[in-house]
Amino acid sequence: MRFSLFLLRLVRLVLPLCIIATVWLYLYPIFHGCAFPIPPTSCASNTFDPSSSSPAAPFRLLALGDPQLEGDSSLPDANSPTFPSIRQLRTILEAQTPLSEKWKEGSACVVKFWKHDILRFLKATRKRLDLWGNDYYLAHIYRSLQDRTEPTHVSVLGDLLGSQWIGDTEFERRGRRFWNRVFEDAERVPDRFMEDSQYGPWIEELGHDEAWNKRIINIAGNHDVGYAGDLTKHRVERFEKLFGKVNWEVTFTLRNHTQPTASKPTADPEKTEGTENAGLEGPISEPPAIRIIVLNSMNLDTSAISPDLQKSTYDFLNSAISNSRPVEDHTTATILLTHIPLHKEAGICKDAPFFDFYTSGGIREQNHLSPFASKGILEGIFGLSANKHAPGMGLGRKGIVINGHDHEGCDVVHYLKRSSAITPESESAEEPESNSEEPQWNAMRTPKTAGRDLSENGTPNIREITLRSMMGEFGGYAGFLSAWFDESLGERGEWTLEYASCTLGVQHWWWAVHVLDLIVLVTAALGVIIWTWEQILAPEVKAPPKDKKVDTDQAQRN
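Following the numbering used here, the numbering of the sequence shown begins with 665 at its first residue and continues without gaps.
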């Protein structure tokens, strides 16, 4: 058998597997069911396409966690020679030394070349290839989900880069890879949206500016700016220059939806019983809205190397609380995007509470926020309270917390246990003991099956989703948050927030499919080239002459 035919038959044998694998890889959102939760048909009036049989939610956030782009710090020094032994050997040969000494030193250089330089070169090449492949693996996740799921907004929840200790040149180099390779065609949120005007934070109609689905809402992580003990002004400035502000907020109002003017809240606590929107006598003038708060949680806890930066974060936090609509108003949903998860007891999530400090006192590392900082967020931003007579019965504002940091991911509900409230039947950890009569914040895993609504039971609660990392080691994870306004809920309607997730698989699948494709293409090309050479350049094989018929009569005469 000709070698070309062998190669082409091999290609024909492997080609179906190659096609199936490639189709799966590039259409994995369809095969893996990657999609945003869909609102019921009764909420179709709040979608952009009411005529659709399966209307999409008006707000769809694609959330990605902890890409952690590595770079030159994981490679040999770029300024050092690739093969230092060759340079050393040249110096030895040019030196005026005896031949025997040159032979001895030169032989040592040759051995060093093979044992050290070649291995070092191969390791560096493998690492460069690994970095290149990792960038395109992450890019494949973003591009596939962007095309197939059509989010309205996108957020990366911190640890965009792999280290806060890198220099400015390397920081900018990785930043270019982030924008030009991993999130190609995406863009940084323009400053005008992140800066407060004389009227307060930016407010616009949801869906008015379709460019939001290409803007990346970046969150500052510890590998971007550092923990409180090493978070400096310079690190914050270079992050904000490339990726956006570390603290800002924006509000999106629901289009084509207006309500009459509101009257003042009632002062009588007795009138607050029996409804989550209690405290409001009349409808609300402002349209339903989605409020996104981007919070730098890296310096919420003490001690911090920069008190000024910490004060700036707390000033923003207090401003965000002041800018909030009344707690009784459930026509607004607050989405808090940050990096470090809220405090929870050990055993609920993969990462347990942990703090480590420098000898000088600054925070070197932490897994969760402190109970104090967590309480400030839960009771400040979301207005949750153990006091039944607090505004909105203490049930707080509608909303959700989404963060990263814990690469394994976690989905929990934070709640305040009230003595007269019905508590969850099953909890992931024992209730923490306290000598104080003040109710303590607890957390439990979000039930996978529908259970009793904590809010209906009078238990203040909020959901926190810690997104599993999108790195290949953790399966290329992504989260999908849908929000739609349901007018049938409460007295004036409420937002419904639903979350889903999916995974591509470890990076080895991405590599395997592309390596298989490359092998098939090279083999097919080689087979065609060899076949062409065999047809054009190989000598033609002459056919044997046909047997001549013998004349029977002539044979008889002879």
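Just so you know, even glycine gets a beta-carbon here, dropped at the ideal spot from N, CA and C.
Predicted model only: the values in this text are computed from it and were never measured.
So, at 6 Å on beta carbons, what are the nonlocal neighbours of residue i in its own chain, with the 5 sequence-adjacent residues on each side left out?
| i | result |
| --- | --- |
| ILE1086 | In this prediction, ILE1086 has a pLDDT of 44, which is less than 50 and means its spatial position is unreliable; nothing more can be read from the coordinates. |
| PRO1164 | The displayed chain sequence assigns Ala, not Pro, to residue 1164. Closer than 6 Å at Cβ, skipping near neighbours: PRO701, PHE1144. |
| ARG879 | GLU851, VAL853 |
| PHE916 | LEU870, ILE954 |
| LEU802 | PRO731, VAL846 |
| ALA1138 | Sequence check: residue 1138 is Phe here, not Ala. Same-chain partners within the cutoff: HIS1071, ARG1132. |
Helix, strand or coil: which one does DSSP assign to residue i?
| i | result |
| --- | --- |
| THR966 | coil |
| ALA1147 | strand |
| ALA1010 | coil |
| CYS698 | coil |
| HIS1003 | coil |
| ALA727 | strand |
| PHE835 | helix |
| ALA803 | helix |
| LYS779 | helix |
| ALA931 | Below a pLDDT of 50, predicted positions are generally treated as unreliable, and ALA931, at 39, falls in that range; the measurement from the model is reported next regardless. Reduced to three states, the DSSP call for ALA931 is coil. |
| ASN960 | coil |
| LYS1062 | strand |
| GLU913 | strand |
| TYR1079 | strand |
| PHE1268 | Because residue 1268 is not part of the residues shown, which for the chain are 665 to 1222, the question remains open. |
| TRP688 | helix |
| VAL991 | coil |
| THR998 | strand |
| GLU1029 | strand |
| LEU824 | coil |
| ILE830 | coil |
| ARG673 | helix |
For residue i, does the count of other Cβ atoms within 10 angstroms reach 16, so buried, or fall short, so exposed?
| i | result |
| --- | --- |
| LEU679 | exposed |
| LEU677 | exposed |
| ALA1010 | exposed |
| VAL1184 | buried |
| GLU859 | exposed |
| ASN844 | exposed |
| LYS1008 | buried |
| GLY864 | exposed |
| ARG792 | exposed |
| GLN862 | exposed |
| VAL675 | buried |
| ILE1200 | exposed |
| ARG899 | buried |
| GLY1025 | exposed |
| HIS804 | buried |
| PHE1046 | buried |
For residue i, I'd like the list of residues in its chain whose CB is within less than 7 Å of its CB, leaving aside the five on either flank, ordered along the chain.
| i | result |
| --- | --- |
| ASP1150 | CYS707, GLY1157, GLU1158, THR1160 |
| CYS682 | LEU1180, ASP1181, VAL1184 |
| LYS897 | SER970, LEU973 |
| ALA884 | GLY822, PHE903, VAL910, ASN960, MET962, HIS1003 |
| ARG841 | LEU733, ASP799 |
| THR1110 | ASP1075, VAL1076, VAL1077, ARG1127 |
| PRO745 | ARG751 |
For residue i, tell me which candidate among the options has the shortest Cα-Cα distance.
| i | options | result |
| --- | --- | --- |
| VAL820 | VAL1192, ALA1142, VAL1184, CYS1013 | ALA1142 |
| TRP1175 | GLU836, LEU671, LEU674, TYR690 | TYR690 |
| LEU1168 | ARG666, ILE684, ILE694, VAL675 | ILE694 |
| ALA1037 | THR966, ALA720, SER1152 | THR966 |
| ASP873 | ARG845, LEU918, ASP832, ASP894 | LEU918 |
| LEU824 | SER1024, ILE805, GLY729 | GLY729 |
| ARG837 | GLN862, ILE1027, HIS1053, ASP736 | ASP736 |
| ASP1020 | SER808, PHE777, THR1110, ASN1031 | ASN1031 |
| PRO719 | THR998, ILE1129, ASP1070, SER1146 | SER1146 |
| ALA727 | THR761, GLN810, PRO748 | GLN810 |
| ASP855 | ILE881, SER749, ASP894, LEU1000 | ILE881 |
| LEU725 | VAL818, PHE835, PHE1018 | VAL818 |
| THR816 | VAL889, SER827, ALA721 | ALA721 |
| CYS1166 | HIS1069, VAL687, HIS1078, GLY1073 | GLY1073 |
| MET1135 | GLN1171, LEU1118, VAL775, ILE985 | GLN1171 |
| LYS1062 | SER749, ALA968, GLU834, GLU1162 | GLU1162 |
| PHE1018 | HIS1069, GLU1043, VAL1065 | HIS1069 |
| TRP829 | TYR891, ASP1015, HIS780 | TYR891 |
| ASP781 | LYS768, TRP767, PRO748 | PRO748 |
Within its chain, find whatever has a CB closer than 8 Å to the CB of residue i; leave out the 5 residues flanking it on each side and keep chain order.
| i | result |
| --- | --- |
| ALA1050 | GLY1058, LEU1080, ARG1082, GLU1102, PRO1103, PRO1124 |
| PHE667 | ILE1194 |
| LEU671 | THR1187, ALA1188, LEU1190, GLY1191, ILE1194 |
| LEU1033 | SER961, LEU964, ASP965, ILE1004, PRO1005, LEU1006, HIS1007, ILE1041 |
| GLU1095 | For GLU1095, the predicted structure reports a pLDDT of 49, less than 50, and the residue's modelled location is therefore unreliable. A value from the coordinates is still provided. Around GLU1095: LYS1081, GLN1104, ASN1106. |
Quick check for students: name the residue ranges of the beta strand (DSSP E) that lie wholly in the stretch 1123-1203, counting only runs of 3 or more.
Under the rule that a run must span 3 or more residues, the beta strand (DSSP E) segments found entirely inside the stretch 1123-1203 read 1125-1130, 1141-1150, 1158-1167.
Please list the segments of the alpha helix (DSSP H) lying wholly inside the stretch 849-908, counting only runs of 4 or more residues, in order along the chain.
For the stretch 849-908, whole alpha helix (DSSP H) runs of length 4 or above, ordered along the chain, are 855-858, 886-889, 897-907.
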